[in-house]
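Asks: Dropping the structure in here first, questions after.
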């Protein structure tokens, strides 16, 4: 075995085998460490060889972007990105008037800006809630219009990405504090409060979201007095808020139960009131523990907003499906759903990666 150059009288240091270090060492350790792993690696490589080249050919090599008509795409054998180039405005903005689409564009930019600003931990102050309230009011004002020379646009014409983000932001923002109260109520020592919270959570979690939206759209108006109507979008938003609150409440309750009893006793020994104890000691620790499942509910809620199509609201996915009804571009469903899926993936991936970083930062004291 080769030895490194050493001074006279020093103990020679042997070099590690070439197959144990570097790229070859990594391959041997992670991909070819046993006959089972070697077989699995070869099967995966074979599957990638069968899938990736044809997929790349369809997505890039044989795809078409600039075509005179959809007929040129039908015989090309690749993706027809000309469909996306032709219909992207409708997919993103729905039936919002074309000459006013700068308003939903600005609304989307404002929502994304507030989301990015909220990721800065220095902004985690009580006034952040006021920023979101003010920003949401500006978004609604932009979409509705009717002032400063902007044309009034009924919310029946809202759709696409602005509607999806609006339902998600308002739904999660209003559902979270309600979920915390429900979780605290479910663990309350007061029988009446506990029964009400348990009943609400189990009732809402026991039915699908479609049923809640159907009730909000069709059944709820039947119980209203004659001549009294509630906006369809508002009814759908309330249904989404109640649905999200029930699921988030169970996640928060899991975090509360994971806090050691000694934390509660220590807070009581300091003479803190119930709400002081929860706000300053228990809830911060509980919420830090349940970041992964909480973000999982956020991601699911973002995708569940597509179910509002059953009450006649065209969110991002519904707008992509509606774009396929054009006879000239009928049949390009792969391109439509792939485009919409990439937009969903962007927001879901952002939430997932940020939650992972936040989990590491907030639970650093618990790491061994």
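Residue numbers (this note's numbering): -12 to 355. Ideal Cβ positions, reconstructed from N, Cα and C, are used throughout, including at glycine. No experiment lies behind these values; they were computed from the predicted model shown.
Who are the near neighbours of residue 345 in its chain, counting only those whose CB is closer than 7 angstroms to its CB and skipping five residues on each side?
Replies: 278, listed in sequence order.
Asks: Where does residue 188 land, buried or exposed, given buried means 16+ other C-beta within 10 angstroms?
Replies: Buried: at least 16 other Cβ atoms inside 10 Å.
Asks: Just to confirm the assignment, what range does the alpha helix (DSSP H) spanning residue 155 have?
Replies: Per DSSP, residue 155 belongs to the alpha helix (DSSP H) from 147 to 173.
Asks: Quick check: what's the CA-CA separation for residue 217 versus residue 185?
Replies: For residue 217 and residue 185, the distance between alpha carbons rounds to 28 angstroms.
Asks: May I ask which residues mark the beginning and end of the alpha helix (DSSP H) holding residue 284?
Replies: First-last of the alpha helix (DSSP H) with residue 284: 278 to 291.
Asks: Determine which residues share a DSSP beta bridge with residue 67 and list them.
Replies: Residue 67 pairs with 51.
Asks: Just verifying my parser: in three-state terms, what is the DSSP assignment at residue 210?
Replies: Note: residue 210 maps to helix in three-state DSSP.
Asks: In the structure shown, what three-state DSSP assignment does residue 187 receive?
Replies: Looking at residue 187 - three-state DSSP - the assignment turns out to be helix.
Asks: Determine the direct distance from the alpha carbon of residue 281 to that of residue 247, and round the result to whole angstroms.
Replies: About 20 angstroms.
Asks: For residue 50, which residues of its own chain have a beta-carbon under 6 angstroms away from its beta-carbon, when the five flanking residues on both sides are left out?
Replies: Closer than 6 angstroms at the Cβ level, and outside the excluded window around residue 50, lie 65, 66 and 68.
Asks: Out of curiosity, what's the CA-to-CA distance linking residue 318 and residue 58?
Replies: Computed Cα separation, rounded: 11 angstroms.
Asks: Starting from residue 302, follow its DSSP beta bridges and name the residues at the other end.
Replies: BP columns for residue 302 point to 147.
Asks: Please report the Cβ distance between residue 123 and residue 95, rounded to the nearest whole angstrom; I am assuming they are in contact, meaning their Cβ atoms lie under 8 angstroms.
Replies: The Cβ separation is near 13 angstroms, so there is no contact.
Asks: Assign residue 137 to one of three DSSP states: helix, strand, or coil.
Replies: Coil at residue 137, not helix or strand.
Asks: Quick check on this structure: which residue in 226, 175, 115 and 151 has the alpha carbon closest to the alpha carbon of residue 331?
Replies: The option with the nearest alpha carbon to residue 331 is 151.
Asks: Within this structure, are the beta carbons of residue 323 and residue 310 separated by less than 8 angstroms?
Replies: Contact flag set, yes.
Asks: When we look at the beta-carbon of residue 32 and count the other beta-carbons within 10 Å, is it buried (16 or more) or exposed?
Replies: Residue 32 comes out exposed.
Asks: Between which two residues does the alpha helix (DSSP H) harbouring residue 128 extend?
Replies: Per DSSP, residue 128 belongs to the alpha helix (DSSP H) from 114 to 131.
Asks: Specify, as a first and last residue, the run of the alpha helix (DSSP H) that residue 331 falls within.
Replies: Its alpha helix (DSSP H) spans residues 320 to 349.
Asks: Pull up the distance between the alpha-carbon of residue 268 and that of residue 126, whole angstroms please.
Replies: Going from the Cα of residue 268 to the Cα of residue 126 covers about 35 angstroms.
Asks: I believe residue 84 touches residue 38 by the beta-carbon criterion, under 8 angstroms. Please report the beta-carbon distance rounded to the nearest angstrom.
Replies: Contact doesn't hold; Cβ gap of about 43 angstroms is too wide.
Asks: Whole angstroms is fine: what's the gap from residue 254's alpha carbon to residue 264's?
Replies: Residue 254 and residue 264: Cα-Cα distance of roughly 6 angstroms.
Asks: Using C-beta distances below 6 angstroms, list every residue in its chain close to residue 342, excluding the 5 sequence neighbours before and after it, in chain order.
Replies: So the list reads 278 and 282, once near-sequence residues are dropped.
Asks: Going by beta-carbon coordinates alone, are residue 298 and residue 204 separated by less than 8 angstroms?
Replies: It is a contact, given that the beta carbons lie within the stated cut-off.
Asks: Beta-carbon separation of residue 146 and residue 306 under 8 angstroms?
Replies: Yes; because the gap between Cβ atoms is below 8 angstroms, this pair is in contact.
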